[in-house]
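Numbering (the numbering used here), first residue to last: 8 to 162.
Virtual Cβ for every residue (Gly too), placed ideally from N, Cα, C.
Remember, predicted model here, so these are calculated numbers, not experimental data.
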């Protein structure tokens, strides 16, 4: 009887350790994806568009050249807001070992410095040992303000 209890106890401990390792790996991937997203947002805010373009998973296949991307991301009246208004409520959901979706609220300023918030969902792809975004997803997250109905104006 003691032997059976000992085997059951050891089996429980082994399964618990495997679960803990899996959970730790998922937490690490989630943190890496969140960090990669924040890096993209920071490059965007700092207007380091050459470096931002290098973060794209599909830059080699994209029909949008670096120059056209920079032209599109900088045209119009939109720019990321400063400081804590830039990005809020970042959440990461892992879908597979190679894909995650980041949900966040991005703050944009118009020329009058009013801040508008846009809820975005940006897929990230694990490529070349790092999380990358696609060109179209960043451009989609960059709305024309204040025309879009998706914006919430905060005074």
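Specify the secondary structure class of residue 86 as computed by DSSP and reduced to three states. Locating residue 86 in the chain shown gives position 79, where the first residue counts as 1. Strand, per DSSP.
Unbroken alpha helix (DSSP H) run spanning residue 116, endpoints: Translated into positions along the chain shown, residue 116 becomes position 109. Not the alpha helix (DSSP H): residue 116 falls in the beta strand (DSSP E), residues 106-116.
The region 43-50 / the region 117-127 touching (three or more Cβ pairs under 8 Å): no
Reduced DSSP secondary structure (H/G/I, E/B, other) of residue 78: Position 71 of the chain shown, counted from the start, is the residue given in the question as residue 78. Here residue 78 sits in helix by DSSP.
Hey, is the region 30-42 in contact with the region 100-110, meaning 3+ C-beta pairs nearer than 8 Å? yes
Looking at residue 147 and residue 113, is the spacing between their C-beta atoms short of 9 Å? Within the chain shown, numbered from 1, the residue matching residue 113 stands at position 106. Within the chain shown, numbered from 1, the residue matching residue 147 stands at position 140. Not a contact, by the Cβ cut-off of 9 Å.
Nearest candidate by alpha-carbon position, reference residue 88, set 80, 61, 111, 123: As a first step, residue 88 is located in the chain shown; it is residue number 81 there, counting from the start. With distances taken between Cα atoms, residue 88 lies closest to 123.
Write down the C-beta distance between residue 44 and residue 97 rounded to the nearest angstrom, noting that I regard them as a contact closer than 8 Å. By 1-based counting over the chain shown, the position of residue 44 is 37. By 1-based counting over the chain shown, the position of residue 97 is 90. Their Cβ separation, rounded to whole angstroms, is 7 Å, which keeps residue 44 and residue 97 in contact under 8 Å.
Express the C-alpha separation of residue 95 and residue 101 in angstroms, rounding to a whole number. Walking along the chain shown from the start, residue 101 turns up at place 94. Walking along the chain shown from the start, residue 95 turns up at place 88. Cα to Cα, residue 101 sits roughly 19 Å from residue 95.
Since residue 142 is in the alpha helix (DSSP H), which residue starts that stretch and which ends it? Here residue 142 corresponds to residue number 135 of the chain shown, with the count starting at 1. Taken as a continuous stretch (DSSP letters only), the alpha helix (DSSP H) holding residue 142 covers 142-147.
Grab me the residues of residue 116's own chain with a C-beta within less than 6 Å of its C-beta, minus the 5 sequence neighbours each way, in chain order. In the chain shown, counting from the first residue as 1, residue 116 sits at position 109. So the list reads 86, 88, 122, once near-sequence residues are dropped.
Beta-carbon proximity check, residue 56 vs residue 142, cutoff 9 Å: Here residue 56 refers to the residue found at position 49 when the chain shown is read from its first residue. Here residue 142 refers to the residue found at position 135 when the chain shown is read from its first residue. Cβ atoms of residue 56 and residue 142: not closer than 9 Å.
Can you have a look at residue 67 and say buried or exposed, based on whether 16 or more other CB atoms are within 10 angstroms of its CB? Taking the chain shown and counting its residues from 1, one reaches residue 67 at position 60. The residue in question, residue 67, is exposed, as its Cβ has fewer than 16 Cβ neighbours within 10 Å.
Go to residue 59, then tell me how far its alpha helix (DSSP H) extends in each direction, as first and last residue. As a position in the chain shown, residue 59 is number 52, starting the count at 1. Start and end: 56-61.
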